[in-house]
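Each remark here refers to the structure printed beneath this line.
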Amino acid sequence: MANSPFPYFTSGTIVHGFGRGSKELGCPTANFDETTVEKLPSSIHQGVYYGWAKLLKKGDNEIYKMVTSVGTNPFYNGEKKTMETHILHQFREDFYDETLKIVLIGEIRKMTTFENANELAAAIQNDISTASNKLDSDECGQYLKHSFFQQ
Ligand code: ADP
Ligand code: RBF
Ligand code: MG
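Quick note on the UniProt record's numbering: the sequence shown kicks off at 1 and runs consecutively.
This is the structure:
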């Protein structure tokens, strides 16, 4: 794959979105700041991606499995492109304004619209299990040792 954009390493600040992730979809997503979204290469189109995430927060040295959506969120008729990461971990508190480092390793599917929020929520749950399975491979595990994640 000569022109693959993966792995794509990036980091940014977590900002507030519309608050729909947790409430309407049962899936909180850490939304990246505009500058970080603008840096995405055009080859990373509207879609759902899997990879690893690390929060730059004292006392948290873990690298977590994650899914990231990139796009205008057509189900909500969004106009602005967002990049949002759902971490496969239950956190005790929110982490707005913190820095999140991620590596996107591959694509799961294209972003699309759905009949209703239940269908989108079900698709997201499916994406989460797909990501979790892929990330269990040795090929994905190698990124845990990558210098990008050493503080
Ligand atoms: P917003 O629209 O402001 O992004 P969300 O409902 O999507 O609101 O909630 C996102 C926030 O929830 C994140 O910014 C983060 O601080 C917090 N959060 C808690 N647990 C997680 C998780 N497992 N993955 C991502 N964000 C989480
Ligand atoms: N939004 C869409 O409009 N279409 C999608 O196909 C879509 N897929 C997503 C997949 C995952 C794994 C996640 C975490 C989010 C997805 N979203 C999608 C984004 C969703 O609309 C957004 O997180 C909420 O609007 C909260 O900001
Ligand atoms: Mg969000």
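We put the beta carbon where it would ideally sit given N, CA and C, even for glycine.
Just so you know, these numbers come straight off a predicted model, no measurement behind them.
Looking at C-alpha atoms only, which residue of H89, F6 and L25 is the closest neighbour of E119? As a first step, residue 119 is located in the sequence shown; it is residue number 119 there, counting from the start. It is L25.
So, helix, strand or coil for S11, using DSSP? By one-based count along the sequence shown, residue 11 stands at place 11. Note: S11 maps to strand in three-state DSSP.
Which two residues bound the contiguous alpha helix (DSSP H) that contains E38? Taking the sequence shown and counting its residues from 1, the one referred to as residue 38 is at position 38. From DSSP, the alpha helix (DSSP H) with E38 extends over E34 to E38.
Looking at S69 and ligand 2, is the gap between the Cβ and the nearest heavy atom below 7 Å? The residue given as residue 69 occupies position 69 in the sequence shown. Under cutoff, so the answer is yes.
When you compare only the Cα positions, how much space is there between S43 and P5? Locating residue 43 in the sequence shown gives position 43, where the first residue counts as 1. Locating residue 5 in the sequence shown gives position 5, where the first residue counts as 1. In a straight line, the C-alpha of S43 is about 6 Å away from that of P5.
Does the pairing of the stretch 109–126 with the stretch 87–98 give three or more beta-carbon distances under 8 Å? no
Looking at K145 and Y50, is the spacing between their C-beta atoms short of 8 Å? On the sequence shown, position 50 is the one that residue 50 refers to. On the sequence shown, position 145 is the one that residue 145 refers to. With respect to the 8 Å criterion, Y50 and K145 are not classified as neighbours on the basis of their beta carbons.
Taking F18 as the reference, give the member of H45, Y76, K39 and A131 with the closest Cα. Along the sequence shown, one-based indexing puts residue 18 at 18. Nearest of H45, Y76, K39 and A131 to F18, Cα basis: Y76.
Indicate, with yes or no, if ligand 3 has a heavy atom lying under 7 Å from the CB of P7. Translated into the one-based positions of the sequence shown, residue 7 becomes position 7. No - ligand 3 has no heavy atom lying nearer than 7 Å to the Cβ of P7.
N- and C-terminal bounds of the alpha helix (DSSP H) containing E84: Looking up residue 84 in the sequence shown gives position 84. E84 -> not in any alpha helix (DSSP H); beta strand (DSSP E) instead, spanning T82 to I87.
Under DSSP, the beta strand (DSSP E) around E139 begins and ends at which residues? The sequence position of residue 139 within the sequence shown is 139, counting from 1. Careful: E139 lies outside any beta strand (DSSP E), inside the alpha helix (DSSP H) at D138 to G141.
Tell me which residues share the same chain as K57 and place their Cβ nearer than 7 Å to its Cβ, disregarding the 5 neighbours each side in the sequence. Position 57 of the sequence shown, counting from 1, holds the residue named residue 57. Answer for K57: F95 and E98, listed in chain order.
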